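A short write-up of the structure that comes next.
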Amino acid sequence: MGLVSVITVGELASHPRCRNLKVSFGAEPGDMPPHTGVAIVFGKDFKTSPERAAEWTTWAMEPGRLLLMVPPYSVGNFVMPVPWEVRRLTPIAGGETPLSQLLAAERLHEFRGALVPLERVGGAIITAGWRKHPASGMVVWTALPLWSLTVLDHPGDCAAWLKDIFTQCGKPVDAEDAAKQLEDQELTESEWTMLLHLCTGPYSSKEEALSTLSESQLFRMPAGRSQETWCRLEQRGLVESGALSPAGISLVEESRYAAYAKELRRMKHG
Numbered sequence: 011m012g013l014v015s016v017i018t019v020g021e022l023a024s025h026p027r028c029r030n031l032k033v034s035f036g037a038e039p040g041d042m043p044p045h046t047g048v049a050i051v052f053g054k055d056f057k058t059s060p061e062r063a064a065e066w067t068t069w070a071m072e073p074g075r076l077l078l079m080v081p082p083y084s085v086g087n088f089v090m091p092v093p094w095e096v097r098r099l100t101p102i103a104g105g106e107t108p109l110s111q112l113l114a115a116e117r118l119h120e121f122r123g124a125l126v127p128l129e130r131v132g133g134a135i136i137t138a139g140w141r142k143h144p145a146s147g148m149v150v151w152t153a154l155p156l157w158s159l160t161v162l163d164h165p166g167d168c169a170a171w172l173k174d175i176f177t178q179c180g181k182p183v184d185a186e187d188a189a190k191q192l193e194d195q196e197l198t199e200s201e202w203t204m205l206l207h208l209c210t211g212p213y214s215s216k217e218e219a220l221s222t223l224s225e226s227q228l229f230r231m232p233a234g235r236s237q238e239t240w241c242r243l244e245q246r247g248l249v250e251s252g253a254l255s256p257a258g259i260s261l262v263e264e265s266r267y268a269a270y271a272k273e274l275r276r277m278k279h280g
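Going by the numbering used here, the first residue of the sequence shown is number 11, and it counts up by one from there.
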């Protein structure tokens with residue numbers, strides 16, 4: 011993770027498992043990083059400490075910030091920051107990453123709700139994410155017990171897993187990123203929202219794409235604005251017939267939202 015701060019907060023900060031996270035991820039107990047960084051918290055804190063959970067979620071909305079929830083979780087339904095549910099899961103072999111495969115026997119939860127699936131195993135979502143808008147940071151839920159003794163001898167797998175998640179959390183604005191930020195700002199937030207929504211397709215027509223957007227739990231856009239946004243993108247040759255045009259696909263794949271778009275395409279849609 012390089013120079014990015016990884017800290018533990020909530021009950022985890024004073025829990026013995028925090029020591030394992032220090033070995034595997036370089037995590038230290040402390041306050042929320044002031045700029046960019048990763049904050050790791052027990053998932054159950056969202057039930058036992060809702061006020062602090064709200065503060066952590068607000069913190070994670072800024073680009074370059076990741077709020078990472080790890081087991082244990084309280085089974086049930088929750089509404090912050092969006093509707094989500096924790097269910098018990100019988101361990102399933104396999105995984106999409108070496109770290110997930112290593113911890114397969116210890117995964118005991120799956121997630122449902124208005125979340126973007128980041129990893130599935132046997133149809134169960136074991137890591138999921140949410141962000142306020144395409145350029146914001148992320149809140150991530152994982153069933154992987156990252157504090158497990160099992161991973162202590164696998165620092166490379168731990169670093170690779172966390173780096174992959176963190177690269178999807180947006181980039182804080184600084185001098186080094188100024189040129190790229192200006193390039194991305196040629197499109198408005200609404201236009202980027204539309205382009206990323208189309209990654210959740212395919213949709214057979216413009217009408218179907220806009221209708222689905224109006225009901226989306228991932229993206230928010232009033233009907234009038236969505237029509238105007240579509241027309242602007244169509245004039246620029248970035249959308250066509252309910253989908254991204256070849257130029258639109260290239261733009262998204264070369265943008266700072268490329269990793270997020272990849273995860274959106276992996277979602278199942280009716």
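The beta carbon of each residue, even a glycine, is placed where N, CA and C say it ideally should be.
Predicted model, so just to flag it, every value in this text is computed and none were measured.
Same chain, Cβ closer than 8 Å to residue i, neighbours up to 5 away in sequence not counted
i    : result
A114 : P101, I102, A103, G104, G105 and V131
L192 : Since pLDDT at L192 reaches only 42, below the 50 mark, its modelled position is unreliable, and no value is offered.
A189 : Interpretation of A189 is limited by its pLDDT of 45, a score under 50 that renders its predicted location unreliable; the figure taken from the coordinates is listed afterwards. Hits under 8 Å: none found.
E199 : H143, P144 and A145
V92  : G123, A124, L125, W140 and Q227
G280 : At G280, the pLDDT of 44 sits below 50, so the modelled position is not reliable; the number obtained from the coordinates is stated separately. So no residue of the chain qualifies.
6 Å CB neighbourhood of residue i in its chain, flanking five on each side removed
i    : result
M42  : A49 and W69
I135 : E120, F121 and P127
R6   : As displayed, the chain neither begins before 11 nor continues past 280, which places residue 6 out of reach and without an answer.
T239 : S200, E201 and M204
D167 : P108 and L109
Inter-residue spacing [alpha-carbon to alpha-carbon] between residue i and residue j
i    : j    : result
E264 : F88  : 35 Å
L112 : L31  : 16 Å
V19  : S110 : 23 Å
C209 : L228 : 12 Å
T137 : M204 : 25 Å
V14  : T107 : 22 Å
P212 : E244 : 17 Å
A169 : M277 : 25 Å
S59  : E65  : 10 Å
A233 : F176 : 32 Å
E250 : E129 : 30 Å
R246 : L223 : 20 Å
V262 : W94  : 28 Å
E61  : T152 : 21 Å
Residue i burial status per 10 Å Cβ neighbour count (16 or more: buried)
i    : result
E120 : buried
A185 : Unreliable positioning characterises A185 in this predicted model, as indicated by a pLDDT of 41, which lies under 50. The coordinate reading is nonetheless provided below. A185 is exposed by the Cβ-count criterion.
S236 : buried
C179 : buried
L125 : buried
A268 : exposed
R230 : exposed
R29  : exposed
A37  : buried
L162 : exposed
Residue closest to residue i, alpha-carbon to alpha-carbon, out of the options
i    : options                   : result
L78  : H143, S84 and T67         : T67
T160 : L208, S226, L128 and R117 : R117
L248 : S221, L197, Y270 and E218 : L197
W171 : L154, G180 and K181       : L154
V150 : R27, V14, Y270 and C28    : Y270
S255 : L206, L125 and G234       : L206
S24  : G36, V51, S34 and L156    : V51
E201 : S158, T222, G258 and H164 : G258
E273 : D174, E95 and S260        : D174
F27  : E61, D167, S158 and E238  : For clarity, residue 27 is Arg in the given sequence; the question names Phe instead. Among E61, D167, S158 and E238, the Cα nearest to that of R27 is on S158.
G133 : P165, L99 and R242        : L99
C6   : P165, E217 and Y83        : The displayed coordinates of the chain run from 11 to 280. Any statement about residue 6 would go beyond what the structure contains.
heavy atom of the ligand ATP below 8 Å from residue i C-beta
i    : result
P165 : Among the components of this structure there are no ligands whatsoever, and the ligand ATP is therefore not found.
Rounded distance between the beta-carbons of residue j and residue i, thought under 8 Å
i    : j    : result
R97  : V85  : 7 Å
G252 : S215 : 4 Å
M71  : G139 : About 13 Å separates the two Cβ atoms, so there is no contact after all.
L220 : F35  : L220 to F35, Cβ: 42 Å. No contact.
I17  : P44  : Actually they are not in contact, since the Cβ atoms of I17 and P44 sit about 11 Å apart, beyond 8 Å.
Cβ-based neighbour list, residue i, same chain, cut-off 7 Å, excluding 5 preceding and 5 following
i    : result
A63  : D55, F56 and M90
T46  : V14, G74, R75 and P182
E21  : F52 and D55
Q195 : Below a pLDDT of 50, predicted positions are generally treated as unreliable, and Q195, at 49, falls in that range; the measurement from the model is reported next regardless. Hits under 7 Å: none found.
P82  : F52, G53 and K54
P165 : S34
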